[in-house]
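J.: In the numbering used here, the protein residues as written are -3 to 376. Heads up, the beta-carbon is just placed ideally off N, CA and C, and yes, glycines get one too. These numbers come from a predicted model, not from an experiment. Got a structure for you, questions after.
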Ligand SMILES: C[S@@+](CC[C@H](N)C(=O)[O-])C[C@H]1O[C@@H](n2cnc3c(N)ncnc32)[C@H](O)[C@@H]1O
């Protein structure tokens, strides 16, 4: 059986071979930080379960250590309270609320952030503390502060960091409010996603500094952005290549909703193929256009539902090989989505890296191509 040291070295080797680890300093962090100390027991999703259920993999059981050193995200908490060791038998349903992000993504993001030795860095979303430990290994304890919302999760991370020999500054609190005592930082990295850039971050990071964060929303679409802080309260950035997603920051999560009841409304032909919303960028463009809606359904049969106004839109295939849409409520959700998706199609359906974002106290706008191109205001 392989030991943790052997498995860690094998993972680092494979991340070097696939081009993730290009910097010797991050490579040595990956080879040094014992991920098993941070994950402990974890959940694995039961393949094919609908809704998804989770099976606990307990520390020490066969295949536990191999799982720790797979390049996978390991769920460590469901619904803001259920930990793997709480489940004594069988599987449980739930929504992931904390995890250890897959090592390749964490390492790639540290690299993308451009965090050099000597920089002060603020991390939002300590989680298990694994990414914090990698950061502390590279930057030194004194230059890293990490904020975790959930006190139980944060407490476990603090204990694991101590055992692993790291002592960054740790805060339990809402990272969207920034670090009240931290002064200015050179870099901010978030391992939870946000619907818009929290305004405190724009004052917490010095002009010339950078923010790396995933923008997400209530329709489950995600996009990783790297922003340059251009002045107090101002930033501008681009979206990055790839397909990065993170669980949404708890204060930005969608409101609780009752079971969906589809209601009658006005029907017309749809001008776009609803399946475009299943495309990584197409679904994100739709979310930008209708940020208060939750998306359900798939393919030709999409459902958008804005709980706060009761607005709904649903598409179905029609008899002519096209699609029709039924809409009701004050927000014509499909009208907005259709216009946005058509603009994206007119531009050749580019990936997110063709989009940028401008942020100021006056508002936050995601744009396509150039700053004066088609754009959508984020829901601040
Ligand atoms: C994907 S996990 C973080 C993974 C972690 N960096 C690691 O490597 O293990 C996201 C974490 O963000 C935390 N979180 C959610 N909202 C937050 C907020 N407003 N402030 C700070 N942390 C938050 C969650 O509780 C969760 O632990």
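1) Within the stretch 153 to 230, note down every full beta strand (DSSP E) run reaching 3 residues or more, in order along the chain.
2) Taking the alpha-carbon of residue 233 as reference, which of 87, 225 and 239 has the nearest alpha-carbon?
3) Would you say the beta carbon of residue 148 comes nearer than 7 Å to a heavy atom of ligand 1?
4) If the criterion is Cβ atoms closer than 8 Å, does the pair residue 235 and residue 367 meet it?
5) Helix, strand or coil: how does DSSP classify residue 9 here?
6) How is residue 242 classed by DSSP in three states: helix, strand or coil?
7) Tell whether a beta-carbon distance below 8 Å holds between residue 31 and residue 83.
8) Kindly examine ligand 1 and report whether one of its heavy atoms sits closer than 7 Å to the Cβ of residue 247.
9) Using the rule of at least 16 other Cβ atoms within 10 Å of the residue's Cβ for burial, across every protein chain shown, is residue 164 buried or exposed?
10) Alpha carbon to alpha carbon, what distance is there between residue 26 and residue 71?
11) Buried or exposed: where does residue 6 fall if 16 or more other Cβ atoms within 10 Å of its Cβ makes it buried?
12) Nearest CA to the CA of residue 152: which residue from 37, 240 and 273?
13) Sort 47, 94 and 187 by Cα distance to residue 102 and report the nearest one.
14) Flag this pair as yes or no: are the beta carbons of residue 80 and residue 192 separated by less than 8 Å?
15) Compute the distance between the beta-carbons of residue 204 and residue 171, then report whether it is under 8 Å.
16) Are there any heavy atoms of ligand 1 lying less than 7 Å away from the beta-carbon of residue 178, as far as the coordinates show?
17) Whole angstroms is fine: what's the gap from residue 184's alpha carbon to residue 106's?
18) Could you spell out the range, first to last residue, of the alpha helix (DSSP H) harbouring residue 126?
19) Taking only the alpha-carbon atoms, compute the straight-line gap between residue 364 and residue 253 and give it to the nearest angstrom.
20) Residue 279 by DSSP, collapsed to three states: which one?
21) Taking 8 Å as the threshold, find out whether the stretch 6 to 24 comes into contact with the stretch 38 to 55 through three or more Cβ pairs.
22) Classify residue 270 as helix, strand or coil using the three-state DSSP reduction.
T.: Once the coordinates are examined:
1) 165 to 168, 181 to 186, 201 to 211 and 219 to 227
2) 225
3) no
4) no
5) helix
6) Here residue 242 sits in coil by DSSP.
7) Going by C-beta atoms, residue 31 is not nearer than 8 Å to residue 83.
8) yes
9) With 16 or more other Cβ atoms within 10 Å, it is buried.
10) 20 Å
11) exposed
12) 37
13) 187
14) no
15) no
16) no
17) 10 Å
18) For residue 126, the enclosing alpha helix (DSSP H) covers residues 126 to 135.
19) 32 Å
20) Looking at residue 279 - three-state DSSP - the assignment turns out to be helix.
21) no
22) helix
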